[in-house]
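Number of protein chains: 8
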Amino acid sequence: MTLPPDVRELLERLAAGSVSVDDAAAELARVPSGELGFACIDHDRKRRQGFPEVIYCPGKTPEQVRDIVGSIRESGHSVLATRAAPEVYEAVRAAHPDAFYHADARCITVQVGDVPERTGRIAVVSAGTSDIPVAEEAALTAEWGGAAVERIYDVGVAGLHRLLRHLPALRSARAVVVVAGMEGALPSVVGGLIDRPIIAVPTSVGYGMHFGGLAPLLAMLNSCAPGITVVNVDNGFGAGLAAASINRVAELASAR
Amino acid sequence: MTLPPDVRELLERLAAGSVSVDDAAAELARVPSGELGFACIDHDRKRRQGFPEVIYCPGKTPEQVRDIVGSIRESGHSVLATRAAPEVYEAVRAAHPDAFYHADARCITVQVGDVPERTGRIAVVSAGTSDIPVAEEAALTAEWGGAAVERIYDVGVAGLHRLLRHLPALRSARAVVVVAGMEGALPSVVGGLIDRPIIAVPTSVGYGMHFGGLAPLLAMLNSCAPGITVVNVDNGFGAGLAAASINRVAELASAR
Amino acid sequence: MTLPPDVRELLERLAAGSVSVDDAAAELARVPSGELGFACIDHDRKRRQGFPEVIYCPGKTPEQVRDIVGSIRESGHSVLATRAAPEVYEAVRAAHPDAFYHADARCITVQVGDVPERTGRIAVVSAGTSDIPVAEEAALTAEWGGAAVERIYDVGVAGLHRLLRHLPALRSARAVVVVAGMEGALPSVVGGLIDRPIIAVPTSVGYGMHFGGLAPLLAMLNSCAPGITVVNVDNGFGAGLAAASINRVAELASAR
Amino acid sequence: MTLPPDVRELLERLAAGSVSVDDAAAELARVPSGELGFACIDHDRKRRQGFPEVIYCPGKTPEQVRDIVGSIRESGHSVLATRAAPEVYEAVRAAHPDAFYHADARCITVQVGDVPERTGRIAVVSAGTSDIPVAEEAALTAEWGGAAVERIYDVGVAGLHRLLRHLPALRSARAVVVVAGMEGALPSVVGGLIDRPIIAVPTSVGYGMHFGGLAPLLAMLNSCAPGITVVNVDNGFGAGLAAASINRVAELASAR
Amino acid sequence: MTLPPDVRELLERLAAGSVSVDDAAAELARVPSGELGFACIDHDRKRRQGFPEVIYCPGKTPEQVRDIVGSIRESGHSVLATRAAPEVYEAVRAAHPDAFYHADARCITVQVGDVPERTGRIAVVSAGTSDIPVAEEAALTAEWGGAAVERIYDVGVAGLHRLLRHLPALRSARAVVVVAGMEGALPSVVGGLIDRPIIAVPTSVGYGMHFGGLAPLLAMLNSCAPGITVVNVDNGFGAGLAAASINRVAELASAR
Amino acid sequence: MTLPPDVRELLERLAAGSVSVDDAAAELARVPSGELGFACIDHDRKRRQGFPEVIYCPGKTPEQVRDIVGSIRESGHSVLATRAAPEVYEAVRAAHPDAFYHADARCITVQVGDVPERTGRIAVVSAGTSDIPVAEEAALTAEWGGAAVERIYDVGVAGLHRLLRHLPALRSARAVVVVAGMEGALPSVVGGLIDRPIIAVPTSVGYGMHFGGLAPLLAMLNSCAPGITVVNVDNGFGAGLAAASINRVAELASAR
Amino acid sequence: MTLPPDVRELLERLAAGSVSVDDAAAELARVPSGELGFACIDHDRKRRQGFPEVIYCPGKTPEQVRDIVGSIRESGHSVLATRAAPEVYEAVRAAHPDAFYHADARCITVQVGDVPERTGRIAVVSAGTSDIPVAEEAALTAEWGGAAVERIYDVGVAGLHRLLRHLPALRSARAVVVVAGMEGALPSVVGGLIDRPIIAVPTSVGYGMHFGGLAPLLAMLNSCAPGITVVNVDNGFGAGLAAASINRVAELASAR
Amino acid sequence: MTLPPDVRELLERLAAGSVSVDDAAAELARVPSGELGFACIDHDRKRRQGFPEVIYCPGKTPEQVRDIVGSIRESGHSVLATRAAPEVYEAVRAAHPDAFYHADARCITVQVGDVPERTGRIAVVSAGTSDIPVAEEAALTAEWGGAAVERIYDVGVAGLHRLLRHLPALRSARAVVVVAGMEGALPSVVGGLIDRPIIAVPTSVGYGMHFGGLAPLLAMLNSCAPGITVVNVDNGFGAGLAAASINRVAELASAR
């Protein structure tokens with residue numbers, strides 16, 4: 000933990016005798032509550048800014064997204080914007096012609112500087128074709144977080160042989176994101192086949208008494224395959240971030 | 000459809016001229032509402048009495064169950080009593096020493112006369128050891144309904160190779176009952192492997208946000224394997240009866 | 000179980016001495032994981048392709064449906080497309096003038112080759128006029144699966160005499176699909192009158208605290224008539240497939 | 000509406016000149032808020048005390064129930080105590096040897112004075128034997144409220160001919176209480192056969208996803224037979240009171 | 000109960016000796032199941048046709064409603080159409096210029112013949128202005144069912160003095176329909192003030208965690224004022240019919 | 000409590016001998032039920048009319064809102080209209096050019112007379128930018144109720160140091176409204192830092208299994224920081240009113 | 000904000016030259032994260048210790064409660080223990096003979112030193128006798144927090160005149176806690192009569208579809224009387240604390 | 000992938016000419032379905048058996064647990080038994096005197112051979128004292144999975160300074176398990192302070208409308224701190240396993 004500059008300066012003035020102990024104590028106490036205790040937080044945040052910024056688009060106008068993109072890239076960082084409708088992309092591209100639209104994932108990316116090397120590998124698995132947007136959001140997010148991603152799509156439990164072909168890839172990944180709607184059985188089946196960290200993502204894909212994703216969410220929380228963790232319905236971003244975070248921990252361990 | 004005796008008698012009196020058309024019409028109209036229309040129902044019920052009677056034990060005292068068992072066997076029929084606690088069995092056995100207790104299934108059976116031949120074959124599959132009581136209730140009920148039953152237990156999705164060993168048996172059954180708690184993924188996996196009628200039974204086996212079986216029930220209703228039908232949580236009896244009913248339809252077809 | 004052709008060929012080369020045991024073992028082990036174990040699945044799938052393919056339209060563009068229809072018929076199979084909006088049909092008909100639109104059932108069918116004979120008979124019963132689209136989806140699906148279908152519509156419990164007229168037809172069917180919204184009481188009443196396999200379909204038809212079909216779904220799961228099985232809300236396709244599957248099992252039995 | 004005595008006295012003192020208008024106005028305004036406006040309520044309550052008092056036992060000790068019984072009969076009224084466990088009855092009988100225990104209904108009654116004549120007739124219908132306690136609570140309450148009651152029990156929809164025998168009795172009743180657990184289909188069937196006021200009572204009798212009576216409650220609220228009204232789960236008392244209230248309105252109309 | 004014509008004819012042929020007893024019995028048994036038992040139902044239905052027909056408009060096209068209106072009036076009956084959007088009325092009026100649109104209640108009425116006298120009086124009470132459409136649907140339905148209706152609107156519990164002004168009218172009604180959204184407290188307050196049959200109607204008027212009317216529905220089912228009965232959310236039609244039915248029972252009693 | 004004028008007049012006529020005690024008593028008893036008992040209510044309502052009137056706009060046409068605004072200001076009071084869409088404002092402004100639109104809060108205000116001094120201070124805290132509309136509705140309402148308001152926005156728990164900067168302001172407020180969507184953790188954190196009355200407002204801001212605000216509502220009801228009270232989802236108006244009410248109680252206490 | 004002693008000492012050593020600026024900075028940075036930023040919190044906590052400590056008993060053994068009571072009183076503070084079963088009280092009294100058991104409230108209090116004067120007045124209102132334990136918990140907690148409490152019990156909406164008698168007391172209270180189970184209508188009625196801060200407490204008292212208090216909770220959240228705030232089901236402690244907190248704010252205001 | 004021994008042997012016999020191609024093909028096809036495809040699974044399972052076996056005790060008798068413990072240690076592995084009641088431990092200790100009971104975690108461990116070195120470090124954080132059993136289950140499981148564990152208990156959000164003291168330990172862990180009941184706010188706060196993988200565990204600790212852990216579960220799924228993953232309520236075992244799995248991935252990475 001490092002001290003904020005003005006606190007350091009205060010200590011120097013005290014040592015120099017240009018301020019009394021009482022005045023120094025009073026000044027230190029006047030520092031806005033929390034500033035000291037959280038100096039390390041800010042410090043850490045700064046270090047983390049090697050990660051690109053992320054914009055969640057719903058509830059923002061295309062113009063607002065466009066402007067936030069501008070302010071992020073001005074600060075020298077790459078941009079990831081999730082849940083971006085095509086009209087949002089239109090507004091962004093008008094101002095940033097190098098913006099790229101991942102239509103499947105409904106994401107916009109703007110690369111600033113060279114693409115950093117992706118190290119480690121995670122896998123993103125999805126059950127049905129309707130689950131692909133969520134899976135792609137997870138995959139893009141994990142790539143943004145520095146991980147190489149292997150996409151294994153359309154391998155639902157109604158055709159197990161498709162999944163089994165990919166066992167070696169699944170068993171060597173650092174983390175596996177499993178995306179499924181309907182009854183959400185896929186993470187349990189994957190969990191019975193591999194021993195890597197699994198992050199399950201229920202999707203709102205379903206009909207009848209599906210309750211917008213509650214059915215697969217409950218299935219995943221109650222999985223008979225132990226050790227599976229779950230994120231909110233359709234939350235590909237959260238799952239991708241968690242997988243990237245696991246990959247980064249392994250990266251740090253391997254770098255020692 | 001046969002007529003009730005007093006209606007037959009009325010017709011005879013009318014033919015004999017001992018009653019006028021008006022009086023016969025009036026008398027016929029006075030027959031308690033429904034008696035005529037449902038004569039065929041009663042008739043059919045009688046035919047169905049080749050099936051043994053079934054007693055649902057909860058809410059009945061051991062003595063009440065004992066007495067119902069007595070009255071059924073007096074009428075010449077075999078008995079199946081479901082959800083029977085050990086103390087219920089004690090009371091029944093005291094009066095009926097030949098009663099048999101299926102502890103796993105929590106069922107009592109009393110065979111009256113020779114065991115009828117079981118024709119056709121259905122399969123009962125269960126995921127975990129905790130699901131066995133429900134599976135056994137289904138198996139016993141189906142046997143009682145005249146079907147031969149193949150039991151395939153402890154083949155949950157967390158160890159798929161155990162299930163795959165039984166594919167031939169599953170693919171040649173007339174109907175398959177699949178019993179699963181936790182996340183209820185097993186029927187979907189079975190449904191992707193075979194094309195026989197599948198009846199899924201969710202069980203209340205689970206922890207945390209399982210809601211007493213709601214999690215697997217929703218999973219089964221939302222199965223990505225089409226054509227699966229579902230019964231209520233822990234309702235092994237209902238599933239066994241449905242499987243026996245399918246088997247009987249096939250039996251009737253083969254007998255023509 | 001038959002072996003895939005290339006495995007057979009490998010054995011022949013080994014027997015011919017043109018490959019060593021080590022190399023044969025290595026090659027066999029290189030076969031993608033699951034391929035062998037699931038060879039029988041693929042084999043079976045092929046046999047099942049006597050059944051027509053089914054397209055679930057929601058979430059697909061009219062053009063996508065049109066192209067899938069084309070690819071199925073090119074492979075020599077008939078087509079069933081469910082939940083097809085009129086504009087989907089327009090797109091399909093433009094390319095396939097012989098496509099037929101079942102407006103009530105919201106289904107498109109394209110017959111390739113002669114219509115196969117329908118054997119066995121199932122019944123589809125519905126409570127109210129608003130339930131007819133779901134009932135028709137079930138009926139069309141069952142016909143597609145090879146069953147003859149008797150439609151008995153608008154026989155809700157608020158006018159029992161309408162239902163009772165059809166008892167003989169219900170009692171001789173191989174399976175009965177019962178479709179009902181509102182309070183979902185019809186399957187219980189039918190279940191008290193016949194002893195054939197009953198598949199209950201709750202519909203989302205209702206008002207107020209109906210929860211999109213939860214009310215009739217719960218009623219059907221809790222039916223006092225034992226042996227009824229249930230599919231998801233509005234899932235006429237699933238119910239029709241289950242009924243066709245039961246009919247096919249009986250057909251196979253009668254063919255022995 | 001009659002005035003409370005002290006207000007009448009105040010008016011007399013004002014007329015007698017023994018109090019000024021200002022003082023009378025001030026005094027009138029000092030009358031506790033609500034006393035005047037609700038005088039008629041109290042008056043009406045007194046008239047209603049021709050009805051016996053009712054004690055809801057749960058949450059009260061046997062001794063408390065015993066004492067309340069004592070205080071009611073001292074005021075000259077008969078007593079109805081609902082949901083009374085046997086031990087409550089023991090405590091009551093020790094002090095009131097003429098207390099009567101209706102074990103089925105779990106109710107205690109103590110008759111004070113002659114039994115009043117019961118006029119008009121309502122019917123109480125129940126589906127299964129397990130629903131009888133709730134049905135009996137309704138029947139006893141309705142009798143207590145002055146109605147003659149016809150009990151028609153064990154006529155669930157799984158055996159319609161039993162119900163149809165009673166159509167004449169149902170069609171001539173002033174109101175019909177229909178009690179059903181499981182899927183709660185009976186009120187809809189009754190509602191399709193008669194045009195009398197129907198009060199439906201869901202019971203907590205059921206298994207699996209029954210949610211303690213939610214299944215039949217939803218069924219009854221969504222009944223396709225229009226004009227059915229519903230009370231809370233197991234609330235036989237409320238249904239009986241509503242039926243007695245309807246009967247009393249008819250009684251008052253016939254008395255004019 | 001009268002017999003269907005062909006049964007009468009059969010009896011006559013039997014009396015005339017032109018058919019044997021055996022043949023008559025066989026023929027009688029061949030009568031479609033249910034026809035006889037339910038003759039009385041049909042008979043009763045005919046008597047009930049003094050009541051006007053009711054059309055529930057949602058799910059029907061304006062043209063369908065228009066045609067049903069036509070067919071009802073041709074049979075000599077008046078018409079009530081509920082939940083009718085303005086465009087439905089336009090279609091109906093084009094063919095039936097004397098159709099009347101009750102915009103508040105979203106109902107269309109067509110009077111055929113003279114308006115029948117309304118006898119007895121019920122009250123319809125509503126809490127907020129947003130509840131008026133449901134209240135008006137109840138009021139119109141009750142009038143259609145032959146009752147005189149007193150409307151007491153906008154008397155929610157947040158201003159009790161407004162309600163108290165109407166106590167005499169409430170206390171002399173044969174039945175009271177109480178319509179309330181939000182927290183649904185009004186029926187409890189009314190129930191504490193009067194002893195007439197009360198039918199509570201929850202409405203979907205509310206915000207936040209109101210769950211489309213579940214909040215007031217639960218409140219009404221749990222009312223501390225005993226004897227209140229409830230209908231489904233926004234079901235003014237059902238409540239009006241129930242009130243009219245109570246009024247009719249009293250009318251019949253007074254006519255004896 | 001003051002008496003209504005006609006009651007006062009009645010007393011004067013009685014004192015003057017121009018009416019007998021019996022007639023006066025009869026007349027007093029004829030006063031509509033509730034009028035007397037609730038006179039104080041009306042009186043109090045009048046005193047409260049120092050507070051401005053509030054219009055809830057949803058379900059009202061722009062023209063209706065415009066007219067209500069007119070009638071309120073004619074009676075000499077200022078106006079607050081909540082949940083006002085821009086088109087409502089257009090209609091209001093056309094007739095009331097001095098109306099002001101708070102776009103963030105979706106509120107319209109019309110000031111009549113001088114702005115009253117705001118005394119006391121409450122704080123309104125919000126977690127995310129999406130929560131600001133609800134927070135602003137609370138703030139405007141509290142100001143309207145006479146309180147000075149300190150707005151502390153965008154201080155969610157994911158960046159605690161932002162919140163801690165405002166501790167002194169929070170600790171000296173008379174009440175604190177805390178607005179949060181997503182997981183609703185902010186009130187618990189604030190509750191652990193201050194000991195002032197806290198009113199928590201869950202918002203419908205969230206995704207996936209958020210159930211329209213149920214997630215933060217449950218969190219706030221279950222807060223580990225004791226003494227927090229909660230209002231309905233998105234109910235900024237209710238929270239602002241509660242805070243203003245607390246401030247007013249303190250104001251009255253300080254004025255003694 | 001005052002500094003922790005060791006930080007003050009560090010500054011003194013720095014001023015005295017016995018430590019270098021670098022070392023002082025390093026030492027300051029080594030202070031456990033948060034200690035500085037939260038010094039003011041601790042300081043404030045200390046001031047708050049004029050309030051007595053509160054023990055929530057469930058989940059603690061009688062011996063654990065007894066020991067916590069001992070450690071609190073040793074520190075010189077009075078004790079409030081909530082949800083204390085009689086056997087917990089037995090254990091506490093054995094060690095603390097002056098402990099007092101409030102059986103209705105299920106609370107234990109131990110007074111240390113003189114009873115502090117209670118200033119300001121709040122009211123606690125409850126609907127039914129079964130709600131009294133929760134109401135008493137609220138009342139005791141508020142008294143412990145320094146408020147005088149007026150208890151107004153058994154004034155449910157089914158007998159409004161009882162409530163109206165207490166209007167003056169309600170209108171002059173600083174805050175009103177309203178406790179109600181069943182349908183939870185009482186806070187709405189109270190809210191329509193007074194303009195003081197109202198804290199509503201739903202209780203789990205109810206039957207049938209009450210869902211353990213969900214029914215009154217939803218009613219209170221949806222109250223048509225604006226400005227009501229709510230706490231969790233049966234949370235008398237939370238409501239009492241909130242009321243005491245409001246009273247304290249008013250007390251502080253009056254003390255200026 | 001390696002072949003099972005008998006398949007290798009078959010190939011050798013074929014190469015040796017001691018079996019024909021047809022017979023070899025037939026034999027290969029007779030291998031139980033799935034055996035081949037899943038050989039790698041079994042192989043992998045065997046490798047994983049370096050991990051100790053885990054017994055979930057609920058639903059097993061003490062004697063069953065005792066016997067399973069015996070059979071595991073006979074196979075040379077250590078044992079972890081979760082959710083073990085004291086009487087289960089008694090039965091186990093009688094047969095295995097070296098069994099150790101972790102009363103807080105309700106777990107039994109039996110160490111076979113030397114304790115393996117724990118590498119890497121994860122942290123387990125809990126909010127309240129009542130959450131400790133779940134936290135301990137997670138910690139023990141993670142240790143069993145080979146991770147070193149730092150326990151940070153009783154640092155709920157109502158006293159943030161306690162949590163902040165542990166920031167360095169949290170920021171250097173490979174994964175952090177955060178256990179919280181009540182409103183479940185702690186994971187969000189931790190997630191705002193660190194960037195390590197966070198696994199949130201909701202507990203059933205709570206009162207009123209807590210729904211057995213649904214409240215914190217929803218909070219955690221909706222956390223505003225991105226990248227948090229969640230397990231089922233009270234599932235400390237699952238969270239510990241997930242954390243150990245992350246740690247193992249990092250361990251493997253560091254070992255390369």
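Protein sequences appear in the order of chains A, B, C, D, E, F, G and H. The opening position of the first sequence corresponds to residue 0 in numbering that gives the first Met the number 0, with each subsequent residue numbered one higher. The opening position of the second sequence corresponds to residue 0 in numbering that gives the first Met the number 0, with each subsequent residue numbered one higher. The opening position of the third sequence corresponds to residue 0 in numbering that gives the first Met the number 0, with each subsequent residue numbered one higher. The opening position of the fourth sequence corresponds to residue 0 in numbering that gives the first Met the number 0, with each subsequent residue numbered one higher. The opening position of the fifth sequence corresponds to residue 0 in numbering that gives the first Met the number 0, with each subsequent residue numbered one higher. The opening position of the sixth sequence corresponds to residue 0 in numbering that gives the first Met the number 0, with each subsequent residue numbered one higher. The opening position of the seventh sequence corresponds to residue 0 in numbering that gives the first Met the number 0, with each subsequent residue numbered one higher. The opening position of the eighth sequence corresponds to residue 0 in numbering that gives the first Met the number 0, with each subsequent residue numbered one higher. Glycine included, C-beta positions come from ideal geometry on N, C-alpha and C.
Through-space distance from residue j to residue i, alpha-carbon basis
i	j	result
E/L162	D/G144	27 Å
B/S244	C/G211	30 Å
A/S222	A/V177	13 Å
G/S171	H/V230	50 Å
A/R262	A/V148	Residue 262 of chain A lies beyond the range of chain A shown here (0 to 255); nothing can be said about it.
B/E8	B/Q63	39 Å
B/E53	B/S77	Reading off the sequence, residue 53 of chain B comes out as Val, not Glu. Between B/V53 and B/S77, the C-alpha separation is close to 9 Å.
First and last residue of the uninterrupted alpha helix (DSSP H) at residue i
i	result
F/H165	No alpha helix (DSSP H) contains F/H165, which DSSP labels as neither H nor E.
Proximal residues, the stretch 8-20 of chain A versus chain G, C-beta separation under 8 Å
L10, E11, L13, A14, G16, S19, V20
Taking beta-carbon pairs under 7 Å, can you tell me which members of the stretch 195-207 of chain D lie near chain E?
R195, P196, I198
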